[in-house]
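**Q** One structure, as structure tokens, below. Some questions next.
Protein chains in written order, with the working numbering: chain A, 1 to 159; chain B, 160 to 318; chain C, 319 to 477.
Structure, rendered in structure tokens:
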């Protein structure tokens, strides 16, 4: 148990393609029996948001951030060829056609494989995101916890 | 032979500047006698495309992707200050002026130094890219092969 | 002394949010007594530029690059939701409100903690940036020095 290989990924980016890449690597590493952590920070947190609007108390600026940032894995755009939302539709279409798992399915698989999903509490504060707005079953921690995991890991990626 | 240091790079991004950075690091590591792998996935695959159009059978969506994505190392844009193609011209000009290797030359040098160039077969499927459309002398593999290399490597980067 | 953990970060990106992430990780690792190096390359160099215009001799193209790239940590844009400069203002406002350190303060803290800030001399050449234009107390080196540090480090990130 102690001697498991470790892999950590910082998911900073909020785009569909980068989130898919992060979860494919994470699920692959978990399948290889690595202990895997994904640390969601800045725009990466949007992948963990619930689809529906959650009623929470927020300041004005936090409300604006909340409105403007994509709400959950289904709403993310592409880092390239987004074309106002057409790009993500095309990618989702070809993924379905090739029987590739969608991002929500990849997240579910990661949770089944005990990939530790950690939301960065510092950026949650900054962007005004509250725990009620994020999906269930995730962890909350700061950069110190990330560094603790990363210092023990063989593979550390920033995406 | 067994004890060589290993370095892996995932090239996810399809921009000229990021591809140049990836190949400069890869060639540097190879010069230091590291065993180096670059794993090309998503937009990064475009750096491996042949210049000319290759006649292959594709579905409509795959044809659209093929048309819209840059065809090869000479056609990539910049991640910043692209200015509709002026930016890459400026960068290529200053690189030539300073006798820096161009991206095609960096790729050639990498192949001479036995840097292993691996195209991600899963994203090739998704984007409809076929082996005939990519340059010669590269490998084809999936995320499992990448993780096998990365778990043995000291330096693992995601670009 | 010899046995200190090492962490390296390549800061390639020139955006405020990515620079903040890099410095938060770097400062965290330094607080954990890691030996930390940030290697600034391509657009990442802009975070090290002095605020004011410095009179140096340059060619025309280098002058254009110098004018168009942001001059220092206070001028960087965001990788997402930049909105012509409104986004960075919003982020700086919420950071202040939450008593988070600003980027210039994070850089100062890094220097106090002996995080080694290294400007990539090859990209300085390409972009026409000269030592007089960058902040004091930083190091100058090439990719070979970076690889030397990275091969000894546990955590290596490309941002």
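From the three backbone atoms N, C-alpha and C, an ideal C-beta is built for every residue, glycine too. Small disclaimer: the values here were computed from a predicted structure and weren't measured.
By a C-beta neighbour count over all protein chains shown, 10 Å radius and 16 as the cutoff for buried, is residue 219(B) buried or exposed?
**A** In the second chain, the residue the question calls residue 219(B) occupies position 60. That one is exposed.
**Q** According to DSSP, is residue 115(A) helix, strand or coil?
**A** Indexing the first chain from 1 puts residue 115(A) at position 115. It is coil, neither helix nor strand.
**Q** Closest to residue 71(A) by C-alpha separation, out of 89(A), 46(A) and 150(A), would be which residue?
**A** Along the first chain, one-based indexing puts residue 71(A) at 71. Minimum Cα distance to residue 71(A) is reached at 46(A).
**Q** In its own chain, which residues sit with a C-beta less than 8 Å from the C-beta of residue 160(B), not counting the 5 before and 5 after it?
**A** Along the second chain, one-based indexing puts residue 160(B) at 1. Per-residue confidence for residue 160(B) stands at a pLDDT of 48, beneath the threshold of 50, marking its modelled position as unreliable; no derived number is given.
**Q** Report the residues of the stretch 137 to 151 of chain A with a CB closer than 9 Å to any CB of chain C, ordered along the chain.
**A** 142, 143, 144, 146, 147, 148, 150 and 151
**Q** Does the stretch 136 to 143 of chain A come within contact of the stretch 93 to 110 of chain A, defined as at least 3 CB pairs closer than 8 Å?
**A** no
**Q** Which residue or residues does DSSP assign as beta-bridge partners of residue 127(A)?
**A** On the first chain, residue 127(A) is found 127 positions in, with the first residue counted as 1. BP columns for residue 127(A) are empty, so no partner.
**Q** Taking C-beta pairs closer than 7 Å, name the residues in chain B that residue 155(A) reaches, listed in chain order.
**A** Residue 155(A) sits at position 155 when you count from the first residue of the first chain. The answer, in chain order, is 309, 310 and 315.
**Q** Just to confirm before moving on: does the CB-CB distance between residue 438(C) and residue 358(C) stay below 8 Å?
**A** Reading the third chain from its first residue, position 120 is the one you call residue 438(C). Reading the third chain from its first residue, position 40 is the one you call residue 358(C). Yes. Within cutoff.
**Q** At 7 Å on the CB atoms, spell out the chain E contacts of residue 14(A), in chain order.
**A** Given the protein chain composition of this structure (A, B and C), no chain E is represented.
**Q** Between which two residues does the alpha helix (DSSP H) holding residue 145(A) run?
**A** Here residue 145(A) corresponds to residue number 145 of the first chain, with the count starting at 1. Element bounds for residue 145(A): 143 to 152.
**Q** Taking C-beta pairs closer than 7 Å, name the residues in chain C that residue 125(A) reaches, listed in chain order.
**A** Position 125 of the first chain, counting from 1, holds the residue named residue 125(A). Taking a Cβ-Cβ threshold of 7 Å, the residues of chain C close to residue 125(A) are 416, in chain order.
**Q** Is the Cβ of residue 39(A) closer than 8 Å to any Cβ of chain C?
**A** The residue labelled residue 39(A) in the question sits at position 39 within the first chain. Answer no: the Cβ-Cβ gap between residue 39(A) and chain C never drops below 8 Å.
**Q** Could you please give me the residues that DSSP links to residue 452(C) through a beta bridge?
**A** Counting from 1 along the third chain, the entry for residue 452(C) is found at position 134. Under DSSP, residue 452(C) takes part in a beta bridge, and its partners are 367(C).
**Q** At a CB distance below 7 Å, what residues from the stretch 217 to 228 of chain B approach chain C? Give them in sequence order.
**A** Taking 7 Å as the upper bound on Cβ-Cβ separation, chain C lies near no residue of the stretch 217 to 228 of chain B.
**Q** From 308(B), 212(B) and 285(B), pick the residue whose C-alpha is nearest to that of residue 100(A); which is it?
**A** Position 100 of the first chain holds residue 100(A). It is 285(B).
**Q** If residue 180(B) and residue 195(B) are in contact, beta carbons under 8 Å, what's the gap, nearest whole angstrom?
**A** Reading the second chain from its first residue, position 21 is the one you call residue 180(B). Reading the second chain from its first residue, position 36 is the one you call residue 195(B). So it is not a contact: roughly 14 Å between Cβ atoms.
**Q** Give me whichever residues DSSP pairs with residue 321(C) in a beta bridge.
**A** Locating residue 321(C) in the third chain gives position 3, counting from the first residue. Bridge partners of residue 321(C): none, in fact.
**Q** Using a cut-off of 7 Å between C-beta atoms, extract the partners of residue 23(A) located in chain C.
**A** As a working note, residue 23(A) is residue 23 in the first chain. Per Cβ cutoff of 7 Å: no residues; residue 23(A) is ~19 Å from chain C at best.
**Q** Buried or exposed for residue 162(B), please, with buried defined as at least 16 other CB atoms from any protein chain shown within 10 angstroms of its CB.
**A** For the purposes of this step, residue 162(B) is taken as residue 3 along the second chain, with counting starting at 1. It counts as exposed.
**Q** Where does residue 242(B) land, buried or exposed, given buried means 16+ other C-beta within 10 angstroms?
**A** Here residue 242(B) refers to the residue found at position 83 when the second chain is read from its first residue. When all chains shown are included, residue 242(B) counts as exposed.
**Q** When burial is assigned at 16 or more other CB atoms within 10 Å of the CB, is residue 244(B) buried or exposed?
**A** Residue 244(B) sits at position 85 when you count from the first residue of the second chain. Label assigned to residue 244(B): exposed.
**Q** Between residue 66(A) and residue 17(A), what straight-line distance do the alpha-carbon atoms span, to the nearest angstrom?
**A** Locating residue 66(A) in the first chain gives position 66, counting from the first residue. Locating residue 17(A) in the first chain gives position 17, counting from the first residue. Rounded to whole angstroms, residue 66(A) to residue 17(A) spans 21 Å at the Cα level.
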